[in-house]
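Here the working numbering runs 73 ahead of the position in the sequence shown, where the first position is 1.
Glycine residues also receive a C-beta, built at the ideal position from the N, C-alpha and C atoms.
Data first, discussion second: the structure below is written as C-alpha cells.
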Amino acid sequence: MRIVSSALLILIPTGTILLLSAMAWQFTPPTHAQQLAAIGLTTALPQPLQRALEPQDDFEPLPEPGPSDWLANHAEAGQTFDQFTRSLPNRPDNHRRKLYLQPLGGFDESDAPSLDQLRRFTAAFFMMEVGVLPPSEWAGNHITSRRNPWSGQRQLLTGDILNLLQARLPEDAFALLGITMTDLYPDPSWNFVFGQASSRDRVGVYSFARYDPRFYGQAPTADTHKLMLRRSCKVLAHETCHMFGIEHCVWFRCLLNGSNHLVESDARPLHLCPVDLRKLQWSTGFDVVERYRRLLNFDQQVGFEDEPQWLEKRLRFIAPHSWSRDTH
Ligand SMILES: [Zn+2]
Ligand SMILES: [Zn+2]
C-alpha cells in the first residue's frame with residue numbers, strides 16, 4: 074500500500090460522489106505475509122481462538138477497487154492487531170458493560186427493521202448485554218430538522234442528536250447508539266450523511282433510511298424487509314466496532330471494509346476477518362465458539378441466506394467435536 078496523495082470527496086446534490094484532486098493513491102491488496110503480520114502471533118491463545126484466527130479460504134481477499142470504490146478514494150493503510158492494542162482503545166469493563174440502542178422516531182415494523190431483532194443481533198455480535206431505550210424518552214427534545222433542499226425528504230441534524238445522547242448516556246453504558254428511519258444531515262451545507270459518531274464520547278447515530286429501496290422510489294418486493302434487516306445489522310455492527318477503536322479493514326473482505334456506495338456495502342460480508350475478530354475478542358473477551366453459535370442461531374431464525382453456511386463451516390473447523398455432538 075502506498076500513499077501518494079489523499080483524495081477529497083464531496084457529496085453533490087444528487088448524492089453522487091465527485092472525486093477531486095489527481096488520484097495518485099493506489100491500493101495494493103496485502104500479501105499473505107502482511108495478512109499474517111496484521112493478525113499477529115496467536116500461539117499463546119486458547120486452541121479454538123487460534124483456529125478461528127487462521128486466515129483460511131473462508132476469508133476472501135479484497136479485490137482491486139473499482140474507480141468509485143472506497144479504497145480507490147481513501148488512502149487507508151490498515152490497522153494491525155498490535156497497532157489496535159497500542160492505541161489504548163475504550164474497552165468495556167464491569168462498570169461500562171452494556172450497549173444501548175436509542176430509537177429516534179417511529180420504528181414501524183411494516184417498513185423498518187424490528188428493534189428486537191436488531192437488539193438480538195447486536196447482543197450476539199458483540200456478546201454483550203444490549204438494551205433498547207424507549208422511543209418516548211425523546212418526546213419533547215428539540216432536534217433541528219429540515220427538508221432536504223433537493224429531495225424534499227425530512228432530515229435531522231446529527232449534532233443535536235449526539236448532544237442529547239451524550240447527556241443521557243446510561244451509567245453502565247459502554248456506548249449509546251441512536252438509530253432512526255429518518256434521513257440525517259451533519260451541516261446545512263451537506264446533502265446527507267449515513268451516520269456520525271464520537272468514539273471518545275461513546276455515542277453515535279445512524280440512519281437506516283437510505284438502506285430502504287423505497288427511499289429511491291423502488292417498489293418493495295417480498296425480500297425488502299429481510300434486505301433492510303441485513304443492511305441495518307451490518308451498519309450497526311460496522312459502526313459499533315468503530316466505537317471499540319477498530320478502524321477500517323484492508324486485510325480481507327470484511328464487515329469493517331470502508332464503503333462508498335450501496336453496492337459496495339452490500340458486497341461486504343456480515344462477518345469479521347481474523348484481524349478484526351481478534352480485536353473485538355480482545356475487547357470483550359467472548360468465547361469464539363459460543364459467539365458463532367449465537368450468530369448462527371439468529372441468522373437461521375431471520376432467514377439470512379449465505380451467512381449460516383459460512384458460520385457452520387467455521388464452527389466445524391474451530392470446534393469439530395462439540396459441533397458434531399450438539400448437532401446430531
Ligand atoms: Zn466505517
Ligand atoms: Zn477485517
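- Around ligand 1, the residues selected by a Cβ distance under 6 Å to any of its heavy atoms are H311, H315, H321, G331, following chain order.
- Restricted to the segment 234-294, the beta strand (DSSP E) segments that are unbroken, complete and at least 3 residues in length are 246-253, 256-258, 268-271, 276-280, listed in chain order.
- Three or more beta-carbon pairs drawn from the segment 298-309 and the segment 326-341 are found closer than 8 Å, and the two stretches are therefore classed as touching.
- Residues of the same chain with a CB within less than 8 Å of the CB of A246, apart from the 5 flanking positions on each side, are R169, K171, L172, Y173, R275 in chain order.
- Check the Cα spacing between C314 and each of R387, A292, S272, L191: the tightest is with S272.
- Counting of Cβ neighbours within 10 angstroms places Y289 among the exposed residues, the total staying below 16.
- Residues T153, W324, V348 of the same chain have their beta carbon placed closer than 6 Å to that of A111, with the five preceding and five following residues left out of the count.
- Burial is judged here by how many other beta carbons sit within 10 angstroms of a residue's own beta carbon; W223 has fewer than 16 and is exposed.
- According to DSSP, residue pairing for E202 in a beta bridge involves K171.
- Contact check between the segment 359-369 and the segment 379-387: three or more CB pairs, one atom from each, fall below 8 Å, which counts as touching.
- For F325, the shortest separation between its Cβ and any heavy atom of ligand 2 lies below 7 Å.
- Per the Cβ contact rule, the segment 223-239 is not in contact with the segment 192-201 (fewer than 3 Cβ pairs under 8 Å).
- The criterion of a C-beta distance shorter than 8 Å is satisfied by P176 and V205.
- Under DSSP, L309 shares a beta bridge with no residue.
- If you check the C-beta of C306 against ligand 2, you find no heavy atom less than 7 Å away.
- Checking the 7 Å criterion, the Cβ of L345 is within range of a heavy atom belonging to ligand 2.
- Here Q120 is not bridged, per DSSP, to any residue.
- DSSP places S356 in the helix class (H, G or I) of the three-state scheme.
- In the displayed model, Q226 falls within coil according to three-state DSSP, outside both helix and strand.
- Q373 and E363 have their C-alpha atoms some 15 Å from each other.
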